[in-house]
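Undergrad:
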Amino acid sequence: MTAHRRLAATGGAFLALALTVAGCTSSDEGETAATSAAPETPAAPEPQLIDWTDCDSQIDPIIAGRPGAERDLVFSCGTTTVPVSYDDPEGGTLQLFLVRASLAGQTYPIGSLMVNPGGPGQSAADAAIQAALTLPEAVVNQFDIVGLDPRGTGLSTPVECISDEQKDELFAADPRATDAAAQDALFSQVEEVAAGCAEEYQEALGAFDTVDAARDMDLVRQSLGDDQLNYLGYSYGTTLGSTYAELFPEQVRAMVLDGAVDPDTTAQEAAEARAQGFEAAYDAFAANCLSLISGCPLGPDPRAFLDDLLAQAATTPIPSSREGETRQATPGLILGGVRSALYQPSAWPQLAQSLAAARNGDAAGILTLADTYTGRNDDGTYSNVVDANLAVNCADTDEEYAATDVQALVADWNARYPLFGADAALGLYTCSAWEAPRTPLPERDAAGSPPILVIGTQGDPVTPLAGAVDLAEDLENGVLLTWEGNGHTAYPKTECVTAAVNAYLIDLAVPQDGLTCPA
Numbered sequence: 023m024t025a026h027r028r029l030a031a032t033g034g035a036f037l038a039l040a041l042t043v044a045g046c047t048s049s050d051e052g053e054t055a056a057t058s059a060a061p062e063t064p065a066a067p068e069p070q071l072i073d074w075t076d077c078d079s080q081i082d083p084i085i086a087g088r089p090g091a092e093r094d095l096v097f098s099c100g101t102t103t104v105p106v107s108y109d110d111p112e113g114g115t116l117q118l119f120l121v122r123a124s125l126a127g128q129t130y131p132i133g134s135l136m137v138n139p140g141g142p143g144q145s146a147a148d149a150a151i152q153a154a155l156t157l158p159e160a161v162v163n164q165f166d167i168v169g170l171d172p173r174g175t176g177l178s179t180p181v182e183c184i185s186d187e188q189k190d191e192l193f194a195a196d197p198r199a200t201d202a203a204a205q206d207a208l209f210s211q212v213e214e215v216a217a218g219c220a221e222e223y224q225e226a227l228g229a230f231d232t233v234d235a236a237r238d239m240d241l242v243r244q245s246l247g248d249d250q251l252n253y254l255g256y257s258y259g260t261t262l263g264s265t266y267a268e269l270f271p272e273q274v275r276a277m278v279l280d281g282a283v284d285p286d287t288t289a290q291e292a293a294e295a296r297a298q299g300f301e302a303a304y305d306a307f308a309a310n311c312l313s314l315i316s317g318c319p320l321g322p323d324p325r326a327f328l329d330d331l332l333a334q335a336a337t338t339p340i341p342s343s344r345e346g347e348t349r350q351a352t353p354g355l356i357l358g359g360v361r362s363a364l365y366q367p368s369a370w371p372q373l374a375q376s377l378a379a380a381r382n383g384d385a386a387g388i389l390t391l392a393d394t395y396t397g398r399n400d401d402g403t404y405s406n407v408v409d410a411n412l413a414v415n416c417a418d419t420d421e422e423y424a425a426t427d428v429q430a431l432v433a434d435w436n437a438r439y440p441l442f443g444a445d446a447a448l449g450l451y452t453c454s455a456w457e458a459p460r461t462p463l464p465e466r467d468a469a470g471s472p473p474i475l476v477i478g479t480q481g482d483p484v485t486p487l488a489g490a491v492d493l494a495e496d497l498e499n500g501v502l503l504t505w506e507g508n509g510h511t512a513y514p515k516t517e518c519v520t521a522a523v524n525a526y527l528i529d530l531a532v533p534q535d536g537l538t539c540p541a
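Quick note: the sequence shown uses the working numbering, first residue 23, plus one each step.
#1: Tell whether a beta-carbon distance below 7 Å holds between L527 and A276.
#2: Starting from the Cα of G507, find the closest Cα among S368, D467, P462 and give me that residue.
#3: Of the residues A392, Q273, P67, which one's Cα is nearest the Cα of D249?
#4: Please state the DSSP three-state secondary structure of S264.
#5: What separation, rounded to the nearest whole angstrom, lies between the Cα atoms of T288 and D234?
#6: Give the C-beta separation of P69 and S245 to the nearest angstrom, bearing in mind that I take them to be a contact with Cβ-Cβ under 8 Å.
#7: Over what stretch of residues does the beta strand (DSSP E) that includes D234 continue unbroken?
#8: Inspect the beta-carbon positions of L314 and R381 and report whether they are closer than 7 Å.
#9: Helix, strand or coil: how does DSSP classify N163 here?
#10: Should Q224 go down as buried or exposed, given a rule of 16 or more other Cβ atoms within 10 Å for buried?
#11: For the pair the segment 356-366 and the segment 407-418, tell me if three or more CB-CB distances fall below 8 Å.
#12: Along the chain, where does the alpha helix (DSSP H) that runs through C311 open and close?
#13: Helix, strand or coil: which one does DSSP assign to V519?
#14: Apart from the five residues just before and just after P172, which ones in its own chain have a Cβ nearer than 6 Å to its Cβ?
#15: According to DSSP, is D535 helix, strand or coil?
#16: For the candidate residues R349, S405, G397, Y395, whose alpha-carbon lies nearest to that of A385?
#17: Which parts of the segment 73-97 are runs of the alpha helix (DSSP H), unbroken and 4 residues or longer, counting only runs that do not cross its ends?
#18: Do you know how far the Cα of N499 is from the Cα of N524?
#19: If you count every other CB in all the chains shown that lies within 10 Å of the CB of T47, and 16 or more means buried, which is it?
#20: Is it a yes or a no for the segment 300-309 touching the segment 428-444, going by three-plus beta-carbon pairs under 8 Å?
#21: Quick check on A541: buried or exposed, where buried means 16 or more other Cβ atoms within 10 Å of its Cβ?
#22: Out of R398, S343, N310, which has the shortest C-alpha to C-alpha gap to F193?
#23: To the nearest angstrom, how far is the alpha carbon of L431 from that of A447?
#24: Who are the Cβ neighbours of S342 in its own chain at under 8 Å, not counting the five residues just before and after it?
#25: State the Cα-Cα distance for the pair S185 and A413, rounded to the nearest angstrom.
#26: Leaving aside the five residues before and after Q128 along the sequence, list all residues of the same chain whose C-beta is less than 7 Å from its C-beta, in chain order.
#27: Between the segment 210-217 and the segment 451-464, do three or more beta carbon pairs fall short of 8 Å?
#28: Check whether the Cβ atoms of V104 and D201 lie closer than 7 Å to each other.
#29: Note the first and the last residue of the continuous beta strand (DSSP E) segment covering T504.
#30: Could you spell out the range, first to last residue, of the beta strand (DSSP E) harbouring R122?
#31: On a CA-only basis, which of A150, P472, A488, S405 is nearest G478? Give me that one, please.
#32: Measure how close the beta-carbons of L503 and R466 come, nearest whole angstrom, since I'm counting them as under 8 Å.
#33: Helix, strand or coil for C99? Go by DSSP, reduced to three states.
#34: Please classify Y130: is it buried, with 16 or more other beta-carbons within 10 angstroms of its beta-carbon, or exposed?
#35: When the Cα atoms are used, what is the spatial distance from A458 to C518?
#36: Rounded to whole angstroms, how far is the Cβ of S257 from the Cβ of T511, which I believe are closer than 8 Å?
Have a look at this one:
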């Protein structure tokens, strides 16, 4: 069991497909893809029993000292199986892993609340542990908190086909390099990764898709003994949740989709929106830094400071004081660290200090931020969050972008979005090189579902507010709640949002559509 990471998704040159603990775009309608109807659901296989074991002894040391650890929680770990293919339920199976957290002495328990932190690729089991510590007590008092690692992620038959060395090279590469040789090298690296994963998994590589992950969720819901699903999804978790609602609208009791991924954009539109969002987030970080009474450690112009630091690192990568660290901070790693911290304003002070230290010759802080983002461990190994991120995102779309078109976008976006534009453009090539069957996401109106609560944050750099607006409009019974704050996702960060979500989850009291909560 690993410690819970920020709800971010992986990024870096060519791997910036999804920016969401959490990450987070999964596009459905592409420039080359025909609009796809919701796939027909074959006769559902029988849900399997969950093999539960007490895992307090494993989890208690991990959470010791964290806020909320004093709660009287009981943790159970479980495994169950689902079909590899729902078109062939009698074929092979995948093993799924889940964690359930229960508060002792629950009053009037409602059932399970399934949580997903996004990515795709982030561990929902880890997220359930964190949620049990941090969600309002009123919610934990009435729901068991359940995290099901989706197929291919965490401990659920994880996808593992990209070496640690390949990841180090990809994340260190300079995403703003515009010369043809550097870009050709990046294209070649991505093609090598795609070929390696295809060789490792063959046709099965296409099985790690969101539609089948949503079907898995319904089998697990039945195995948990819940008549209907209660669900809290962040970032990509909103894509997974809305897909579930499309396939099983009458099985939804309550569904909260926070930091919604836009279901109506192409991959190119989503990538450009993310580039714009992160540029705006850096400007908000800079303004905050300049407002500090103690003074901003980046000087009077934090954007110029970062430009100078990136130029310095491009010529002479910056060493780290961290014991045993052999890497030096390149522009790619610095931008990865910046992106990581821009997810949440609570990380802005750490970002300012880390950038200032890097300028003074010590990149330890910025590398720590970058590693949190990519799932790199202290010993140089990685979690499988990158592998799963690519497998799921690419299984979910049949959009493709030619290398020449991507190069043109790199030049254009590098000029318009000078920190994050080139990286966002380069990510469009990744699934073009991916060699696996595709199951494009369905259109999602979830006809026949109860009200579904969609939350968007005005200053969200990862999943811009427009995505929440579009998803709420697309859902037949979508209800939009907007938070006028900064950072990625909103619940439970502020009293107004928390009160509305709590009342909806517990009492099914639906807030007024269009409700806006102040920052």
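Ideal Cβ placement from N, Cα and C applies to all residues, glycine included.
TA: In brief:
#1: yes
#2: S368
#3: Q273
#4: helix
#5: 22 Å
#6: 4 Å
#7: Here D234 belongs to no beta strand (DSSP E); instead the alpha helix (DSSP H) covers 232-246.
#8: no
#9: coil
#10: exposed
#11: no
#12: 289-312
#13: helix
#14: A235
#15: coil
#16: R349
#17: 78-85
#18: 19 Å
#19: For T47, the predicted structure reports a pLDDT of 30, less than 50, and the residue's modelled location is therefore unreliable. The matter cannot be settled from this model.
#20: yes
#21: exposed
#22: R398
#23: 6 Å
#24: R349, Q350, A351, D384, A385, A386, L389
#25: 15 Å
#26: N163, Q164
#27: yes
#28: no
#29: 500-508
#30: 115-125
#31: A488
#32: Contact doesn't hold; Cβ gap of about 18 Å is too wide.
#33: strand
#34: exposed
#35: 44 Å
#36: 7 Å
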